[in-house]
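A.B. asks: According to mature numbering (1 follows the signal peptide of the UniProt record, and there is no 0), the residues represented by the sequence shown are -18 to -1, 1 to 415, in order.
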Amino acid sequence: MKPSTSVLAIMSAVVAMAALQDTSVVLDANWRWLHQVDDYKNCYTGNQWDSTLCATPELCAKNCALEGANYQGTYGITTSADELQLQLVTQTPYGANVGSRVYLMDAAGSKYKQFQLLNQEFTLDVDVSKLPCGLNGALYFVQMDADGGLARFPTNKAGANYGTGYCDAQCPHDIKFINGEANTLDWAGSSQNSGGGKYGACCAELDIWEANSMSNAFTTHPCTGEGPQRCSSPEECGSGEGDRYKGMCDKDGCDFNPFRMGNQTFYGPGPQFTIDTTRKFTIITQFVTNDNTATGELVEVRRLFKQDDRVVPTPSSTWPGLNGANSITEATCEAAKKTFGDPDDHSAKGGLAQMGKQMANGMTLTMSLWSDHAAYCLWLDSSYPSDADASKPGVMRGACPTSGGRPADVEAQHPDATVKFMNIRVGDIGSTY
């Protein structure tokens, strides 16, 4: 079955010229109904695999098929011209769907659009006014296979059209199919309909925007491997107790969150903030190389905001030792790790230079809305770790309470929470805003 997709208009801006291009988004495979081939029997129910159809990872891939998607009715995903809206909770006859993750397709609609952003800027408008504490409306890039793994893994018959092949720097274990096989080994259910298996799906990740109405961050996460990698041990995945920094990816990343950097009045709901999150605004991200070409080494990631025709740079850090930094550079990353007392896994995994190499090879645009079962988004919008001294540099990331962010509470209190991503454009530095 050919999956339905939602059409989205993307602006490609070059100096003195802008071209509008119709493209589409596709829903990640993990959210889709997984059922027996040519039958209606579930291969996966609740948070468990069918023991007969999925007796082995290989058998499961052979026996089971992914279904097309009713984007709006089942998943709360709507598009209109250049706007994508994701809703937190969507009630269906089969139960509630929570959150979603979609990928931008190429113009032909058969592969994920690949972005090469070195010496470019990436700009979009966002509306986070309906995103409370504990939620993350995220727009980011990951180094997925453009075809969703179709060519590399013959047992993968679905590919990008069905949203397969996801990976990121957290090496997630909840991905149901990795390398064309079901992730059934050692599977343990976690939340209502999710779980985790033996394998993780690792790849470089560039977080353009992780945010709600209270806080925001942009982050670089390099990995030592190139492209999507399947990890199989706690050390390789960085998932075991004490193994976080032994894995192939920088899970912490080098993040720039204005609140964490010391400015608590820059971003938030209301006119008292420089950027008022009750209203739409624009975020501009620039990827500067050492020689100002697309083949140079990545040396800086800059962020600008625009609201009501006011262009505002990211505020400078107020912490001693960070020297007023207001962008991501190697020096800023190293200084922040030192000032905040965090392990510098970013440098250990190759830093911005490695991130740039992975960007040069092409990355897939991902947009998602999610609640956080592991850390309640406290790392984004509250004090984290929650038991740390909030007066210490880097502990406070936002003004949300440490007692908040529990997914069950957020979903019950704010089922209509939404994020809107609009008017995405990419082009030469200085050309898109």
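The C-beta atom is built at its ideal place from N, Cα and C for all residues, glycine as well.
1) Identify the residues that DSSP records as bridge partners of I160: which are they?
2) What do you reckon, are the CB atoms on H203 and G178 nearer than 9 angstroms?
3) Would P39 and N165 qualify as a contact pair, given that the criterion is a beta-carbon distance under 9 angstroms?
4) Where N405 and F263 are concerned, what is the direct C-alpha to C-alpha distance, given to the nearest angstrom?
5) Any chance the stretch 243 to 253 sits against the stretch 209 to 227, with 3 or more Cβ pairs inside 8 angstroms?
6) So, does the stretch 277 to 295 touch the stretch 315 to 323, judging by three or more C-beta pairs under 8 angstroms?
7) Could you pull out every residue in the same chain whose Cβ sits closer than 6 angstroms to the Cβ of D109, ignoring the five residues on either side in sequence?
8) Does the count of Cβ pairs from the stretch 18 to 38 and the stretch 83 to 95 closer than 8 angstroms reach three?
9) Looking at the strands, I want to know which residues DSSP matches up with K402.
10) Using the rule of at least 16 other Cβ atoms within 10 Å of the residue's Cβ for burial, across every protein chain shown, is Y76 buried or exposed?
11) State yes or no: is the C-beta of D88 within less than 9 angstroms of the C-beta of P210?
12) Near T314, what residues of its chain come up, given a Cβ to Cβ distance below 6 angstroms and the 5 sequence neighbours on each side ignored?
13) What span of residues does the beta strand (DSSP E) with residue 489 cover, start to end?
14) How is the alpha helix (DSSP H) around S329 delimited, first residue to last?
15) So, Y249 versus S299, is the Cβ gap smaller than 9 angstroms?
16) Taking only three categories from DSSP, how would you classify K319?
17) Quick one: residues in its chain with C-beta nearer than 7 angstroms to the C-beta of V(-5), no 5 flanking neighbours on either side, listed in chain order?
18) Reducing DSSP to helix, strand and coil, say where C115 ends up.
19) With distance defined between alpha-carbon atoms, name the residue in L360, S373, G252, G222 nearest to S385.
20) As a quick exercise: from E163, G130, M337, T60, pick the residue whose alpha carbon is nearest that of C42.
21) Y85 and G145 look like a contact to me (Cβ under 8 angstroms); what is the Cβ gap, rounded to whole Å?
22) Please list the terminal residues of the continuous beta strand (DSSP E) segment that includes Q289.
C.D. replies: Looking at the coordinates:
1) E163
2) no
3) yes
4) 11 angstroms
5) no
6) no
7) K262, K402
8) no
9) Q67, D109
10) exposed
11) no
12) A307
13) The chain is shown from -18 up to 415; residue 489 falls before or after that span and cannot be answered.
14) 327 to 330
15) no
16) helix
17) With a pLDDT of 40 at V(-5), under the threshold of 50, the predicted position of this residue should be treated as unreliable, and no value is reported.
18) coil
19) L360
20) E163
21) 6 angstroms
22) 280 to 289
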